[in-house]
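Contents: one structure, followed by commentary.
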Amino acid sequence: MRMEEGKGVRSARDRRVTRLRASLPVIVLVVLVTVFAARLLDAAIQNALTIDEPHYMGTGVYLWQTGDYHFERILLYHPPLAHHLASLPLLLFDLDGLPASPAVAEALVARGSVDRTTLRIASRIPFILLSCWGAILLFFWAREVAGSASGLLAAFLASMSPALMAHGSLAHSDVAVGVLYFQTLYLFWRWSMQPTGLRVVLCGISLGLALLSKHSAILLLPTLALLLGWSVFLPRRPPEGDPRIGPETLGPRLLWAAGAGVTLLGLAVVVIWLGYGGSFAWTESPRWPGVQLPGWAQPFLVYLDARAAHRSGFLLGELAPNIYGWKFFPLAFAIKTPVGILLLLLLALVTLSRFPSPLGRFLGVPCLVLLGTLFFVINAPMGLRYMLPLDLLILLLIATQLGPRAGSWMRATVFGACLWTAGASLWIHPHHLAYFNELIGGPARGHHYVLDSNLDWGQDLSSLARYLQSRGNPPVSLAYFGAESPAVYGIRARQLEGCEPVGGIVAISVNVWKGLYASPSPLLAPVPGCYDWLRGHEPVARPGYSILVYELPERP
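Residue 704 in our numbering sits at position 108 of the sequence shown, and the numbers go up by one each step.
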């Protein structure tokens, strides 16, 4: 009798241990995502508004109030989803009688009727949640393919990625398109493994949301078309007893793939229609008078005109039109990605060549489409942020290729690379936008290689204020690239106007110092060589790495 009772106790204890082991990966995931969210929130609190964020916030409020989705006058050529998300929390605030206008956020900040920190955090919270959702998606996709260890490795790398940390704490379209792009591919993968009506519907809805978040998501259309074609001409042989439905001969497979493609596209069009307030925002084409086009499609024609305008860019110390070409994205990725992740990527590619996997072949299609477009089609001044969908795919490839490897040297290498990545991410916090790795000497040297949103987006006005407060808040001559007024941070600033040298404390955004933009408005044409008089001096401080502070002799 006692033996049977003892066996029953051991059996119950074993069941509890088994349940605990089964739930442990989810518990660890919750901890990782919680820490990730806390760090994103802290970055959102500490960093000032970037140059574009007030537009997203104010335009979203205006869209909710008026339903006016004019592509050029209101949206400034972007789809509306990020505007809607950035403005959702603002709808809870008292707008202080301000008229409906895309500039309502700037007016709120200027009036001070809503605390600027509260306003900034509230607008960024939806994007913090989206970033956390991206880490969760990474976990589930990697776990589905290669087990819980791979899922946790993917989520950990996402939570420590400087790129995700930088853009996940901003009210902007980049993290939205990155996560929704990745989500669409994940849902398509699941549908391709076991096609069901619900899975194709979810994928179509996700496709529409991605297309509503940023126009770069249009690359999903050729990507999904290629993957559908692959499923027709190189069909996967399901294991015996697999309940997957799918025709066996070429003709029915073609019809089946065409039906899936039409379903995905049709659902995406419906989502876009809903995203534009139950309309397509038809307007006359600026290129073809009399021709009406939907608002979502208009910016592609504008992009062609903008590309022909030869806007200047900055690369490797040189400022010139059409300078980017194919070399920008490989260079920017190499110097702005932690060395630990670069090492893991190299190991993953080596193991992929030796141990090909179905997921590796699947990921090859979206990666090649993204890389081919970024390297060889787009030649416009843009940031590494356009690679966010690719960043997530890279982390998935790393986790699924290296997570299952059992060799002790491999485990030690992965562990060391993860520690290296975590150290770099924690060290740079909260200035993740300015992260550059050790290959070029870190963030203090980043402005010699790339500029714009890769380093200076106006986010460091708060860092400058903290630095000046530590010195007793002296007056400063300031040439700032950003959205907020220095006065709201208590900075005693006078605008650095003209190109004549001045004395005293001088602070200048690196975008302005290098001549990429003018101050105080980025719409002004910069004067070449305007600040060359600063080149003979060493900065005494670099608040957030995007603003240089000089202390110069007073001039009569």
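Beta carbons are placed, not taken as given, at the ideal position from N, Cα and C, and that holds for glycine.
Check                                                                                                                                                                                               : Outcome
Provide the residue(s) that pair with L966 in DSSP beta bridges, ordered along the chain.                                                                                                           : L966 pairs with nothing; no bridge assigned.
Output yes if chain C places a C-beta closer than 8 angstroms to the C-beta of L948; else output no.                                                                                                : Looking for chain C here will not work: only one protein chain is present.
Taking all protein chains shown into account, decide if S1142 is buried (16 or more other Cβ within 10 angstroms of its Cβ) or exposed.                                                             : buried
Pick out whichever of G891, Y1113, Y872 and G873 has its Cα sitting closest to the Cα of S881.                                                                                                      : G891
Contact between the region 738-753 and the region 993-1000: three or more CB pairs below 8 angstroms?                                                                                               : yes
Considering only residues of the same chain and omitting the five flanking positions on each side of G857, which have a CB-CB separation below 6 angstroms?                                         : L824
Indicate the three-state DSSP secondary structure (helix, strand or coil) for I1087 in the structure shown.                                                                                         : coil
Would you say F910 and D770 are within 8 angstroms of each other, going by their C-beta atoms?                                                                                                      : no
Quick check: the Cα distance between P669 and L659, rounded to an integer number of angstroms?                                                                                                      : The sequence as given places Arg at residue 669; Pro does not occur at that position. Straight-line Cα distance between these residues: approximately 12 angstroms.
Consult DSSP for A1075 and reduce its assignment to one of helix, strand or coil.                                                                                                                   : strand
So Y1063 packs on S1105, CB below 8 angstroms; how close in whole Å?                                                                                                                                : Their Cβ separation, rounded to whole angstroms, is 14 angstroms, which puts Y1063 and S1105 out of contact at 8 angstroms.
Can the beta-carbon of S1059 be found less than 8 angstroms from the beta-carbon of G1140?                                                                                                          : yes
Count the other CB atoms within 10 Å of the CB of V705; is the residue buried (16 or more) or exposed (fewer)?                                                                                      : buried
Determine the direct distance from the alpha carbon of V1136 to that of P698, and round the result to whole angstroms.                                                                              : 39 angstroms
Assuming L766 contacts E914 (C-beta within less than 8 angstroms), just tell me the rounded distance between them.                                                                                  : Actually they do not touch by this definition, with Cβ atoms about 28 angstroms apart.
One question on the structure: do L1051 and A930 come within less than 8 angstroms of each other, judged by their Cβ atoms?                                                                         : no
Report the partner residues of V796 according to the DSSP bridge assignment.                                                                                                                        : BP columns for V796 are empty, so no partner.
What is the DSSP secondary structure of Q894, reduced to helix, strand or coil?                                                                                                                     : helix
Inspect the CB distances between the region 751-764 and the region 623-642 and report whether three or more fall short of 8 angstroms.                                                              : yes
Indicate the three-state DSSP secondary structure (helix, strand or coil) for Q997 in the structure shown.                                                                                          : helix
Please go through the same chain and pick out, in chain order, the residues whose beta-carbon is closer than 8 angstroms to the beta-carbon of D638, but skip the five residues on each side of it. : H1025 and P1026
Here's the rule I'm using: 16 or more other beta-carbon atoms within 10 Å means buried, otherwise exposed. How should I623 be labelled?                                                             : exposed
Could you spell out where the beta strand (DSSP E) holding S1105 opens and where it closes?                                                                                                         : G1100 to S1105
Sorted by chain position, which residues of the same chain lie with C-beta nearer than 6 angstroms to L681's C-beta, five sequence neighbours on each side aside?                                   : P722
For L870, does the count of other Cβ atoms within 10 angstroms reach 16, so buried, or fall short, so exposed?                                                                                      : exposed
Determine the direct distance from the alpha carbon of M789 to that of L776, and round the result to whole angstroms.                                                                               : 20 angstroms
In the DSSP assignment, the alpha helix (DSSP H) including G764 goes from what residue to what residue?                                                                                             : P758 to G764
With L1092 and S1115 assumed to form a contact (beta carbons below 8 angstroms), what rounded beta-carbon distance in angstroms separates them?                                                     : 7 angstroms
From G1019 to P885, what does the alpha carbon distance come to, in whole angstroms?                                                                                                                : 56 angstroms
Assuming V910 is part of the beta strand (DSSP E), what are its boundary residues?                                                                                                                  : The question names Val, but residue 910 is Phe in the sequence shown. Residues S908 to L911.
Where does E584 land, buried or exposed, given buried means 16+ other C-beta within 10 angstroms?                                                                                                   : Examination of residue 584 is not possible in this model, given that the chain is present from 597 through 1152 alone.
If we call anything under 8 angstroms between Cβ atoms a contact, is Y782 one with L815?                                                                                                            : no
Looking at C-alpha atoms only, which residue of P895, W1109 and D1056 is the closest neighbour of Y1085?                                                                                            : D1056
With three or more beta-carbon pairs closer than 8 angstroms as the criterion, would you say the region 1038-1048 touches the region 945-964?                                                       : no
How far does the beta strand (DSSP E) with A916 in it extend, from its first residue to its last?                                                                                                   : E914 to P917
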